[in-house]
Amino acid sequence: MKKLILLLMILSLFMGLKTDVFAKSYTDKFVVSEDIDNLYYAKTKNGSTSYRQARFMRRSSDKKIIYCIEPFVNLAENTNYTGYDANYEKLLSMSKAKWKRISLLAYYGYGYKNHTADKWYSITQIMIWKTIDTKADFYWTDTFKGKKVTKFEKEMQELDNLVNNHDVQPSFINKTYDMSITSSLTLVDENNVLKDYEVVKNDDIDVVISDNKLLINSHENKEDIDIKLLKKDTTYNSVPIVYISDTYQNVLTVGSYDTITSNLNVIVDSGEIKIIKLDQDNNSTVPRGEGSLIGAIYEVFDEGGNLVGEIEISEDNTGSLSNLKYGKYKIKEKSSGKGYEVDDETYDVTIDSDNKVVEIVLNNKVIEKKVKLHKFFESENDKKIVEKNITFQIIDSRGEIYQEVTTDEYGTVEFDLPYGSYTLHQVNTTDGYAKVDDFKITIDEKSPNLIEYYLNDLKVPDTYQHSTNDIAFDLIMTSIALLGCILMYVKKCH
Amino acid sequence: MLKNVIRVAIVVLAALILLQLLNIFIIRYRDEQQRLIEEKSIIYEVKEIDDTPNLKKEVSKSPIINYELVLELPKINLKKGILSIDDPDNNIDKNVTILKGSVHPDEEGNIYIAAHSGTGKQSYFNDLVKMQESDLAYLYYQNNKYVYEVYDIVEIAKNDGISILTDRRSNLFLITCSQKHKDKYLILMLSRKS
Chain A
1 MKKLILLLMI LSLFMGLKTD VFAKSYTDKF VVSEDIDNLY YAKTKNGSTS
51 YRQARFMRRS SDKKIIYCIE PFVNLAENTN YTGYDANYEK LLSMSKAKWK
101 RISLLAYYGY GYKNHTADKW YSITQIMIWK TIDTKADFYW TDTFKGKKVT
151 KFEKEMQELD NLVNNHDVQP SFINKTYDMS ITSSLTLVDE NNVLKDYEVV
201 KNDDIDVVIS DNKLLINSHE NKEDIDIKLL KKDTTYNSVP IVYISDTYQN
251 VLTVGSYDTI TSNLNVIVDS GEIKIIKLDQ DNNSTVPRGE GSLIGAIYEV
301 FDEGGNLVGE IEISEDNTGS LSNLKYGKYK IKEKSSGKGY EVDDETYDVT
351 IDSDNKVVEI VLNNKVIEKK VKLHKFFESE NDKKIVEKNI TFQIIDSRGE
401 IYQEVTTDEY GTVEFDLPYG SYTLHQVNTT DGYAKVDDFK ITIDEKSPNL
451 IEYYLNDLKV PDTYQHSTND IAFDLIMTSI ALLGCILMYV KKCH
Chain B
1 MLKNVIRVAI VVLAALILLQ LLNIFIIRYR DEQQRLIEEK SIIYEVKEID
51 DTPNLKKEVS KSPIINYELV LELPKINLKK GILSIDDPDN NIDKNVTILK
101 GSVHPDEEGN IYIAAHSGTG KQSYFNDLVK MQESDLAYLY YQNNKYVYEV
151 YDIVEIAKND GISILTDRRS NLFLITCSQK HKDKYLILML SRKS
């Protein structure tokens, strides 16, 4: 067991060394270069003060500036240094945070945008020292070994801000946004850092940065999209390199910072309008009479009045239109189901992220007409007499009794019939009068609003007559026949 | 004896034949006279008298039947006078009859006119079956001519009291026996055009 533990320790050490070995190494020389006029440093620590003339230090090979990362330690000029471009914290025995600040001070200091005046080099350098050795006091003096002066407060604050804000990401990241298909969404960066970012192209969505706004335009498909924004350095084509010396000061060359990735999630969704169709009178899906709610068609218009689609009511009394972008819509019936009146109303609905499926219950009035029957009979004394209490069965096309109605004291009965075909059958009658034959009533779009029938009962004499002339003719013929027989008999006898 | 019986029988039969023949001639003569009176009465009723002085004199001399109104059916060449409802001769065995319950043409309501069809002499509506929808009928009443048009033709089972279904408040009904179905009435329904 002990052997196993020892072996593992040796292996981990080896891996650690291997990590150091895998960092790319560079070899270079450095020189102390030109003075920066009228700028002098001082360092006071533990009661002891050291002084320096501010001057540039450069890499010999390309004259690129370098920064001292061991305050007030001498640089070994024209001596080979070995540099590394990784594991900086380990190399310099400092925390990651400290290293990050140092590298960012170097990045945002001299050479960044308008930080081109020589003073920026010394400002950057002094701030790097302050970061490295927090127990020492680094400051400018008026002359070499002179008095402490306050200088470049504003510049240092600016550089400090740049470094502190380096990791600030746009205010809208790490959130999920809900937007409609074929629509636009604008996100405002309240941190005002968006200009430092670029969008990673995504074929499913169009994203553009405009000042501190992120403009998003969705496509026609529903998607769940991750949008990536990158903050990448475009100034340097390499990372910082730290050059180490056992005897002399370590230095660093400025390089790119690690890319910062910001994410946000956008759910592109669409809405749906669903219509549930009911009969207006019975408030159910069961149509009245022979009407049908199925087949009704509604037109859907967007806010601009453009027709975006139609909804047809199907067998389950519903119909829907999906894949609609968020917004306001108007719904109007184009044609109704068989036997129903068209609804002239226009209905407003709104689809948004909280209401993606909008259900609306709409109903129709069945075509219905009034029927009035007048029942009377012509009496012998010439007076028209109303027939009350005469009952009629109203039979629908399925042969079922839809309703029974009875004439009132005025011999009339009035009732409403919904769309369909019906047979009226008289159930009872006044003594001496026959019932009227069954008759049909059809209620449809063309029927008048009031259909009236008059049932006239009367007495009629028999209207068939046999001719009296025939009787005389028959008698004549019979007589002739008889006479003929007699004459023949007489002739026979003689 | 037998010879006498035969002689008598021959005489009787001969007499019978002669009498029937005479009867027929008398009836025909009477009918013709009646027809002439009726025709003149109709002319008088419908005021078709022209200015011929002789005809005027002729009309004023002849007896006149006081018809209540005159029915004309051009399609079947019928023009008959109709007596008032209460006239004893307003009888289907004698004339074209107006039935009880009828109103006058200038009133709202129904007019029921019936006549025989068949082989008899009074079968005035025998040719009614030839009429069709859209055919016209005229009623002359109190110096006015009322025009009616056929809108429906039905057959209803014969009964003491029948029930006629219409969708109009005022109608002219022409009723007679159906020639196809002896147990049914043939009814023409007409509505007023003017």
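Protein sequence lines, in the order shown, are assigned to chains A and B.
Each residue of the first sequence is one higher than the one before, counting from 1 in the working numbering.
Each residue of the second sequence is one higher than the one before, counting from 1 in the working numbering.
Cβ coordinates follow ideal geometry from the N, Cα and C atoms, glycine included.
Pick from the options: whose alpha carbon is nearest that of residue i?
i                 : options                                   : result
GLN34 of chain B  : B:MET131, B:LYS94, B:PHE173 and B:THR176  : B:LYS94
PRO71 of chain A  : A:ILE360, A:ASN161, A:LYS135 and A:TYR26  : A:LYS135
LYS384 of chain A : A:HIS115, A:GLN393, A:TYR410 and A:LYS328 : A:TYR410
GLU191 of chain B : B:ILE65, B:ILE6, B:VAL96 and B:GLU108     : For the sequence presented, residue 191 of chain B should be read as Ser rather than Glu. Of B:ILE65, B:ILE6, B:VAL96 and B:GLU108, the residue nearest in Cα terms is B:GLU108.
LEU278 of chain A : A:SER60, A:TYR340, A:VAL413 and A:LYS90   : A:TYR340
ILE313 of chain A : A:LEU194, A:ILE173, A:GLU333 and A:TYR347 : A:GLU333
CYS177 of chain B : B:ASP106, B:ILE85 and B:ILE92             : B:ILE92
VAL207 of chain A : A:MET488, A:TYR41, A:THR49 and A:LEU187   : A:LEU187
ILE275 of chain A : A:LEU293, A:ASP258 and A:TYR51            : A:LEU293
LYS375 of chain A : A:THR412, A:ILE367, A:THR406 and A:SER103 : A:THR412
ASP127 of chain B : B:LEU13, B:LEU188 and B:SER163            : B:LEU188
GLU34 of chain A  : A:ARG55, A:TYR51, A:LYS43 and A:TRP99     : A:ARG55
TRP99 of chain A  : A:GLU400, A:GLY304, A:VAL200 and A:ASP133 : A:ASP133
LYS388 of chain A : A:VAL427, A:LYS232 and A:ASP316           : A:VAL427
ASP224 of chain A : A:LEU264, A:ASN165, A:ASN192 and A:ASN323 : A:LEU264
MET179 of chain A : A:HIS115, A:ASN221 and A:THR247           : A:ASN221
ILE360 of chain A : A:SER336, A:SER320, A:ILE367 and A:GLY337 : A:SER320
GLN132 of chain B : B:ASP152, B:LEU139 and B:ALA115           : B:ASP152
PHE415 of chain A : A:ILE394, A:ARG398 and A:THR430           : A:ILE394
ASN449 of chain A : A:LYS228, A:GLY47, A:VAL342 and A:LEU417  : A:LEU417
TYR402 of chain A : A:VAL386, A:TYR454, A:TYR422 and A:THR391 : A:TYR422
ASP203 of chain A : A:HIS219, A:ASP211, A:LYS195 and A:LYS3   : A:HIS219
GLY295 of chain A : A:TYR26, A:VAL308, A:GLU315 and A:LYS491  : A:GLU315
Show which residues of chain A have a CB atom less than 7 Å away from the CB atom of residue i.
i                 : result
ASN110 of chain B : ASN456
ALA137 of chain B : None at all; the shortest Cβ gap to chain A is about 17 Å.
ASP106 of chain B : Under the 7 Å cutoff, chain A gives no residues; its nearest Cβ is about 16 Å from ASP106 of chain B.
ARG192 of chain B : Result: empty, since nearest Cβ-Cβ is about 15 Å, beyond 7 Å.
Could you work out which residues of chain B lie near residue i, taking near to mean beta carbons separated by less than 8 Å?
i                 : result
PHE439 of chain A : LEU165
GLY432 of chain A : ASP160 and GLY161
LYS384 of chain A : GLY101 and GLY109
TYR453 of chain A : LEU165, THR166 and ASP167
Over the uninterrupted beta strand (DSSP E) stretch that includes residue i, give me the two end residues.
i                 : result
LEU99 of chain B  : Where LEU99 of chain B is concerned, there is no enclosing beta strand (DSSP E), given that its DSSP letter is neither H nor E.
LYS330 of chain A : 327 to 335
GLN393 of chain A : 391 to 395
VAL405 of chain A : 401 to 406
LEU174 of chain B : 171 to 177
ASN363 of chain A : 357 to 364
LYS79 of chain B  : 78 to 82
LYS63 of chain A  : From DSSP, LYS63 of chain A is part of no beta strand (DSSP E); its letter is neither H nor E.
GLN169 of chain A : Note, GLN169 of chain A: premise wrong, no beta strand (DSSP E); not H, not E.
LEU264 of chain A : 260 to 269
GLU42 of chain A  : Going by the sequence as given, residue 42 of chain A is Ala instead of Glu. Counting along the chain, the beta strand (DSSP E) containing ALA42 of chain A begins and ends at 30 to 45.
What residues of chain A sit near residue i, judged by a beta carbon separation below 8 Å?
i                 : result
TYR141 of chain B : Ordered by position in chain A, no residue passes the 8 Å Cβ test against TYR141 of chain B, which lies about 17 Å from the chain.
ILE6 of chain B   : ILE486, TYR489 and VAL490
ILE113 of chain B : Ordered by position in chain A, no residue passes the 8 Å Cβ test against ILE113 of chain B, which lies about 11 Å from the chain.
ILE153 of chain B : Going along chain A, no residue has its Cβ under 8 Å from ILE153 of chain B, so there is no contact; the nearest lies around 14 Å.
Find the residues of chain B that neighbour residue i, judging by a C-beta separation of less than 7 Å, and give them in chain order.
i                 : result
PHE415 of chain A : Correct list: empty, because the minimum Cβ distance to chain B is about 16 Å.
LEU482 of chain A : LEU13
VAL436 of chain A : SER163 and LEU165
THR447 of chain A : The question names Thr, yet the displayed sequence has Ser at residue 447 of chain A. Under the 7 Å cutoff, chain B gives no residues; its nearest Cβ is about 12 Å from SER447 of chain A.
Over what stretch of residues does the alpha helix (DSSP H) that includes residue i continue unbroken?
i                 : result
ALA97 of chain A  : 96 to 108
LEU157 of chain A : The identity of residue 157 of chain A in the sequence shown is Gln, whereas the question assumes Leu. Note, GLN157 of chain A: alpha helix (DSSP H), 153 to 164.
LYS90 of chain A  : 88 to 92
Can you name the residues of chain B whose CB is closer than 9 Å to the CB of residue i?
i                 : result
ILE476 of chain A : LEU16, ILE17, GLN20, LEU21 and ILE24
LYS377 of chain A : Per the sequence presented here, residue 377 of chain A reads as Phe, with Lys not at that position. Those are GLY101, GLY161 and SER163, listed as they occur along chain B.
What do you reckon, is the C-beta of residue i under 7 Å from a heavy atom of the ligand MG?
i                 : result
ILE441 of chain A : In the structure on display, the ligand MG does not appear, and there are no ligands present to speak of.
Measuring only between beta-carbons, confirm whether residue i sits less than 8 Å from chain D.
i                : result
ILE98 of chain B : In summary, chain D is missing from the structure at hand, where the protein chains are A and B.
Using a cut-off of 9 Å between C-beta atoms, extract the partners of residue i located in chain A.
i                : result
ILE10 of chain B : LEU483, ILE486, LEU487 and VAL490
Using a Cβ-Cβ cut-off of less than 8 Å, list which residues of the region 60 to 93 of chain B approach chain A; keep chain order.
ILE85, ILE92 and ASP93
Where the region 19 to 44 of chain B meets chain A: residues whose CB sits under 8 Å from a CB there
GLN20, LEU21, ASN23, ILE24 and ILE27
Enumerate, from N- to C-terminal direction, the unbroken beta strand (DSSP E) stretches of 3 or more residues contained entirely within the region 199 to 233 of chain A.
205 to 210, 213 to 218 and 223 to 231
My parser needs the beta strand (DSSP E) runs of 3 or more residues fully inside the region 105 to 150 of chain B; what are they?
110 to 114 and 136 to 141
At 3 residues or longer, and completely inside the region 440 to 464 of chain A: list those beta strand (DSSP E) runs for me, N to C.
450 to 459
Taking only runs that begin and end inside the region 112 to 146 of chain A, name each unbroken beta strand (DSSP E) of 3 or more residues, in chain order.
137 to 141
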